[in-house]
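Quick mapping for you: the protein sequence lines, in order, are chains R and V.
Mind the numbering: the first sequence is residues 6 to 147 in our numbering, read in order.
Mind the numbering: the second sequence is residues 6 to 147 in our numbering, read in order.
Everything below concerns the one structure shown next.
Protein chains: 2
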Amino acid sequence: MLKISELAAKTGLSAHTIRFYEKHGLISASERSEAGYRYYNDADIRRAEFVKTARNIGFSLEDISQLLSIRVDKTSHSCQEVTDITQHKLDEVNAKIAELESMQHTLSILLESCCGGPEKATHCSIMEALEAGDVKKSRSAA
Amino acid sequence: MLKISELAAKTGLSAHTIRFYEKHGLISASERSEAGYRYYNDADIRRAEFVKTARNIGFSLEDISQLLSIRVDKTSHSCQEVTDITQHKLDEVNAKIAELESMQHTLSILLESCCGGPEKATHCSIMEALEAGDVKKSRSAA
DNA sequence: GTTGACCTTAGAGTAGACTCTAAGCTTATA
DNA sequence: TATAAGCTTAGAGTCTACTCTAAGGTCAAC
Numbered sequence: 006m007l008k009i010s011e012l013a014a015k016t017g018l019s020a021h022t023i024r025f026y027e028k029h030g031l032i033s034a035s036e037r038s039e040a041g042y043r044y045y046n047d048a049d050i051r052r053a054e055f056v057k058t059a060r061n062i063g064f065s066l067e068d069i070s071q072l073l074s075i076r077v078d079k080t081s082h083s084c085q086e087v088t089d090i091t092q093h094k095l096d097e098v099n100a101k102i103a104e105l106e107s108m109q110h111t112l113s114i115l116l117e118s119c120c121g122g123p124e125k126a127t128h129c130s131i132m133e134a135l136e137a138g139d140v141k142k143s144r145s146a147a
Numbered sequence: 006m007l008k009i010s011e012l013a014a015k016t017g018l019s020a021h022t023i024r025f026y027e028k029h030g031l032i033s034a035s036e037r038s039e040a041g042y043r044y045y046n047d048a049d050i051r052r053a054e055f056v057k058t059a060r061n062i063g064f065s066l067e068d069i070s071q072l073l074s075i076r077v078d079k080t081s082h083s084c085q086e087v088t089d090i091t092q093h094k095l096d097e098v099n100a101k102i103a104e105l106e107s108m109q110h111t112l113s114i115l116l117e118s119c120c121g122g123p124e125k126a127t128h129c130s131i132m133e134a135l136e137a138g139d140v141k142k143s144r145s146a147a
């Protein structure tokens, strides 16, 4: 049985974050001492590590919440439910990458166009491009 | 001279956003009617479009603020200052892309490993991988 | 002269994931 | 026994970039 700071040390999550996750239903301590201290057993620890792993991959707390409900009763859920969550996340990631690559492209072109030297910015080609507005739109509404 | 909704129509920013930008010092109306209505002249409009362009590229409002101070007095600033901001943004974008590509990679591997079918999730390989924690860390602290 | 569209302000709300604070117990160590 | 480290809670603050609301003034058209 670990205390919160020990679980923190073990998982690399902060004690604050563990309490935050508890408030949001992701993690809980199956026991409390008389003084109210949280005590985590092996199952709790595995759950916390599951959360940590999923978070590190990039899943949102909402996604993790869904994955956890599958986890506690795997026989009531299908592989498809799991792949749906994963695919959805991958779609999001791909969309974000595309957006960032567009920014990357624009920024690279701007950088190539400018001398970058100690010259006064009076005729800076980056500034000129921004003035002219002749740059692609990289950002989506998100 | 345009009223705020006209500037909104012209730039594609909402009137709300224009007021928000004003509050943060990015845009202002050089004139006000007696009733307090904002009126934008050509210089104001060009500034608003500059902001819009920079935002679309992906610059933060803080970045844009710096670019604007260079813009109003180009002789006091060098090309290097402009490329520094741009390069810094590009570095950020590249870092974010790397992080997302790592997530993309992990998610793709997870998806490949799972049948994704109507089978019960009891032996779902995605769940197993999350349990085992044997996935790369994709997320940085940011 | 009234309707309706448009403008004003300060300030609150949204999203996501923490992060910290204050005030006060509890526990371990010297 | 005193001190420090660690725990508890509710709740506020952080960050970015908006987005919206309420309550009210203004303006053009019919």
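Glycine residues also receive a C-beta, built at the ideal position from the N, C-alpha and C atoms.
9 Å Cβ cutoff, residue i in contact with chain V
i: glutamate 36 of chain R; result: no
i: alanine 1 of chain R; result: Look at the range of chain R in this structure, 6 to 147, and you will see that residue 1 of chain R is not part of it.
i: histidine 82 of chain R; result: yes
i: threonine 22 of chain R; result: no
i: glutamine 85 of chain R; result: yes
i: glutamine 92 of chain R; result: yes
i: leucine 66 of chain R; result: no
Proximity test, Cβ basis, 9 Å: residue i and chain R
i: arginine 76 of chain V; result: yes
i: serine 113 of chain V; result: yes
i: serine 143 of chain V; result: yes
i: glutamine 109 of chain V; result: yes
Residue i - DSSP class collapsed to helix/strand/coil
i: glutamate 36 of chain R; result: strand
i: tyrosine 44 of chain V; result: strand
i: serine 83 of chain V; result: strand
i: serine 141 of chain R; result: For clarity, residue 141 of chain R is lysine in the given sequence; the question names serine instead. Of the three classes helix, strand and coil, the one that applies to lysine 141 of chain R here is coil, per DSSP.
i: lysine 125 of chain R; result: strand
i: leucine 66 of chain V; result: helix
i: leucine 31 of chain R; result: coil
i: leucine 135 of chain R; result: helix
i: leucine 95 of chain R; result: helix
i: leucine 72 of chain R; result: helix
i: leucine 18 of chain V; result: coil
Residue i and residue j closer than 9 Å at C-beta
i: isoleucine 62 of chain R; j: valine 140 of chain V; result: yes
i: leucine 105 of chain R; j: isoleucine 50 of chain R; result: no
i: cysteine 119 of chain R; j: threonine 91 of chain V; result: yes
i: serine 74 of chain V; j: threonine 111 of chain V; result: no
i: alanine 126 of chain V; j: lysine 79 of chain R; result: yes
i: tyrosine 45 of chain R; j: isoleucine 9 of chain R; result: yes
i: serine 83 of chain R; j: glutamate 124 of chain V; result: yes
### Query
Name the residues in the stretch 26-56 of chain R whose C-beta lies less than 8 Å from a C-beta of chain V; which are they?
Arg51, Glu54 and Phe55
#### Entry: Members of the stretch 7-18 of chain V near chain R, C-beta cut-off 9 Å
none
### Message
For the stretch 49-61 of chain V against the stretch 94-107 of chain R, do three or more pairs of beta-carbon atoms, one drawn from each stretch, fall closer than 8 Å, so that the two count as touching?
### Response
The stretch 49-61 of chain V is not in contact with the stretch 94-107 of chain R.
#### Entry: Any 3 or more C-beta pairs closer than 8 Å across the stretch 82-90 of chain R and the stretch 126-134 of chain V
yes
### Task
Please confirm if the stretch 103-120 of chain R is in contact with the stretch 33-46 of chain V, defined as three or more CB-CB distances below 8 Å between the two stretches.
no
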